[in-house]
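Notes to accompany the following structure.
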Amino acid sequence: MEKILTLGIETSCDETAAAILRGGREILSNVISTQIPTHQKFGGVVPEIASRKHIVNIMPVIDEAISKAGVKLEEINQIAVTYGPGLVGALLVGVSAAKALSFALKIPLIAVNHLEGHIFANFLSEPSLEPPFLSLVVSGGHSALIVQKNYNEFELLGQTRDDAAGEAFDKIARVMNLPYPGGPEIDKLAKLGNPDAIKFPHAKVSDFDFSFSGLKSAVLNFLNSAKMKGEEINFADVAASFQKTVIDSLVEKTVLAAEKFQLKKIVLAGGVAANSSLESTLRKSCEEREIKFFYPSKILCTDNAAMIACRGYYQSLEKNFASLDLNAIPNLSFKGA
Ligand code: KG4
Ligand code: ZN
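Written out as structure tokens, the structure reads:
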């Protein structure tokens, strides 16, 4: 039997993306049109501008994904689209395009949770990966520990009580006058600094939840008080010490959860997974405990549509399709299934 072709569409934030997947794991194309240069001058994503850019970009990006894949529009079997969480105006562009194409081509529509998509990026990077495993999902909007029981069953163990990890990176970068998005900038600067130079506090939250707003305030207070006293600030040390505090708490809880639930595989997911120090620290902790460690290639870490198509493919195996009254859900939570 011919393998199913899935068109994936992703417009939840500042990337307009479309991809074609053959079967569950073979990427035929993965097109990403980023709006980062547009939002950079505002220091963060401006939702109204993001929606407008998505409207302009969505059909050219879909056309490019189809032509790069070397397939014809009529050959596509199903469409998977992100319907939340994300910016409502941005999500609606992808959802509307997906619904229109699904109606016109008379093919099934699949509604994908963006966070689940991030986890599934790992199936694309590592063809041999199979559930069960533990995922640490760290993005601009979320930090969560999730058990992947099988392809369509998840259990949320814990999540952030306040700021997401990526949000903390972005906010600290902003006060240090680094460009948006701040995560990669802090990552780069931290390489030049001493991670033990400044002791920032670790949040004390129970079980497998995270909290980063106290750390954010501690860094801000440190910077303000140094400024008031006229002391010279070593920004590389601040970046390295802040980054180490975030990573230590993420890694410590992830490893604890894997041990408690006796999971022998850990996967890293979400935009912050691109952080080189998070990747190396978690990898080392896994090796020490004989836990297998997986993490997506850089292009699959940040927002893309191949991961959405992959999640959609596995939903389609359970006939988990959406109807044409599908709406965007900006605050879609991670319930598990
Ligand atoms: O998953 P993603 O592309 O979008 C959301 O779903 O939120 O994640 C974007 C987040 C941003 O906060 C960005 O600063 C962060 O991922 N990020 C990083 C790195 N690359 C991207 N954070 C730390 N280190 C990085 N190298
Ligand atoms: Zn994301």
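Sequential numbering from 0 applies to the sequence shown in numbering that gives the first Met the number 0. Think of the CB as a built atom: it goes at the ideal place given N, C-alpha and C, for glycine as much as any other residue. Since this is a predicted model, take the numbers as computed values, not measurements.
Any chain C beta carbon closer than 7 Å to residue i
i	result
I54	This model lacks chain C altogether; it includes just one protein chain.
Own chain partners of residue i with C-beta closer than 7 Å, once the 5 adjacent residues on each side are dropped
i	result
G22	K2 and I3
A336	With a pLDDT of 45 at A336, under the threshold of 50, the modelled position of that residue is not reliable, and the figure given next carries that caveat. For A336, where only same-chain residues beyond five positions count, the Cβ hits under 7 Å are N151, E152 and F153.
L155	A143, I145, F333 and G335
V92	T10, S50, H53, I54 and I57
N274	G182 and D186
T37	I48 and K52
P329	G83, P84, G85, L86, V87 and L90
Expected contact under 8 Å - CB spacing of residue i and residue j to nearest Å
i	j	result
E25	D302	Incorrect: roughly 20 Å between the Cβ atoms, too far for contact.
A327	A18	19 Å between Cβ atoms; not a contact.
A110	R310	That pair is no contact at about 10 Å.
F221	I265	That pair is no contact at about 32 Å.
A308	L90	Going by Cβ atoms, the distance from A308 to L90 rounds to 17 Å, so no, they are not a contact pair.
A103	I8	At roughly 14 Å, the Cβ-Cβ gap does not stay under 8 Å, so A103 and I8 are not in contact.
V60	S32	5 Å
Residue i versus the options, residue with shortest Cα-Cα distance
i	options	result
L255	C285, E74 and A99	C285
K259	F132, F241 and L100	F132
K198	D247, A97, K228 and E63	D247
N319	N112, I298, V174 and H117	N112
F119	C300, P180 and D324	C300
S322	L100, G269 and A196	L100
Y179	V45, K105, V60 and A103	V45
Y313	I48, Q77, C12 and A217	Q77
D195	G157, H201, T244 and K228	T244
S114	A257, K283, S32 and C12	A small correction: the amino acid at residue 114 is Leu; Ser does not occupy that position in the sequence shown. Answer by Cα proximity: C12.
Q242	A257, L20, F102 and L214	L214
A172	E74, V218, T33 and P200	V218
L325	P107, L128, D161 and P59	P107
G157	L128, G229 and S205	S205
D161	A202, E230, L128 and L177	A202
L128	K263, E287 and L331	K263
Sequence-distant residues of its chain with Cβ nearer than 6 Å to residue i (five each side left out)
i	result
Y294	L267, A272 and E278
K252	F207
M175	F234
G269	H117, V136, V137 and S138
T5	L20, Q77, A79, A308, G311 and Y312
L316	none
Spatial neighbours of residue i in its chain, beta-carbon cut-off 8 Å, leaving aside the 5 residues before and after
i	result
E166	G139, G140 and F211
L249	L135, V137, S142, A164, F209, L277 and L281
K226	I232
K148	P130, P131 and E154
D169	G43, G139, Y179, P180, G181 and G182
E63	A17, S28 and V30
I298	N29 and I31
Cβ-heavy atom distance, residue i to the ligand SAH, below 6 Å
i	result
M175	Ligands displayed in this structure: the ligand KG4 and the ligand ZN; the ligand SAH is not among them.
Handout entry: Quiz: which residues have CB nearer than 5 Å to the ligand KG4 non-hydrogen atoms
Key = S138, G139, G140, G165, F168, D169, P180, G182, P183, D186, G269, G270, V271, A273, N274, T301 and D302
Exercise for the section: Check whether the region 73 to 91 touches the region 120 to 133, counting contact only when three or more Cβ pairs, one atom from each stretch, lie closer than 8 Å. Expected result: no
Exercise for the section: Give a yes or no on contact between the region 69 to 81 and the region 39 to 47, applying the rule of three or more CB pairs nearer than 8 Å. Expected result: no
Exercise for the section: Would you be able to state if there are at least three C-beta pairs under 8 Å between the region 181 to 200 and the region 232 to 242? Expected result: yes
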